[in-house]
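Number 117 in this note's numbering belongs to position 117 of the sequence shown; there are no gaps in the numbering.
All C-beta atoms, glycine included, are put in the ideal place defined by N, C-alpha and C.
This one's a predicted model, so the numbers in the text were calculated from it and none came from an experiment.
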Amino acid sequence: MRNQILIVKAMVIAAVYTGLTVILGVLSYGELQFRISDAMLLLPLLQGFGAEAVLGLTLGGFLGNITSPFQPWDLIFGPLTNALASAFVLAIGRKINTRALLKHLLSTIVASSTIALLVGYGELHLVYGLPLITVLYVFISEVVVIGVIGWTVVKSLERYIRR
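See the structure below:
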């Protein structure tokens, strides 16, 4: 029964991530992206979420990028980036037991840096030839999405998970 619950959690996370990415497609792709679904990358910080969140976010990264104009590379870089960023967030959440603000800041910086390096530099700059400043644009947009929206989502969900 426990395995089934973990699978369902992963699939729900993947579905929500995919839905947000596809519905907000214009914001989700490109040099100036505000991928609102990336706010979910902080889910591994929540009590009761772990590897299933990493799996769901990785699968959501793949499915959400099916509609990307940056094919086929987004199908490679997207899930890989989500897997690494969410795994780093999970590791940070497990290593830092106190100081929610420290966990939040560190998770935001690490996840945003991972995305900026892999997507901004690796994909958009090296593969598609966009200017190097793209890395900074991606980093700033991810800090806003993960740091502000993601933290708001996590804090809101924490109230319901504790009940």
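Margin query: Within the continuous alpha helix (DSSP H) that includes Trp73, where are the two ends?
Written below: The count along the sequence shown starts at 1 and reaches residue 73 at position 73. Note, Trp73: premise wrong, no alpha helix (DSSP H); not H, not E.
Note to self: For Ala53, tell me which candidate among Pro72, Leu118, Ala15, Tyr128 has the shortest Cα-Cα distance.
What the structure shows: For the purposes of this step, residue 53 is identified with residue 53 of the sequence shown, where counting begins at 1. It is Ala15 whose Cα lies nearest to the Cα of Ala53.
Check: Which class does Met1 belong to by DSSP, given the choice of helix, strand or coil?
Finding: Stepping through the sequence shown from its first residue, residue 1 is reached at position 1. Correct three-state label for Met1: coil.
Item checked: Extent of the continuous alpha helix (DSSP H) run through Thr152 -> Locating residue 152 in the sequence shown gives position 152, where the first residue counts as 1. Note, Thr152: alpha helix (DSSP H), 151–161.
Notebook entry, point to check: Does the Cβ-Cβ distance between Leu24 and Ile36 come in under 8 Å?
Noted result: Residue 24 sits at position 24 when you count from the first residue of the sequence shown. Residue 36 sits at position 36 when you count from the first residue of the sequence shown. In contact: Leu24 and Ile36 (Cβ atoms closer than 8 Å).
Notebook entry, point to check: Should the region 111–128 be regarded as contacting the region 81–90, the criterion being three or more beta carbon pairs within less than 8 Å?
Noted result: yes
Check: Which runs of the alpha helix (DSSP H) fall wholly inside the region 52–103 and span at least 4 residues, in chain order?
Finding: 74–95
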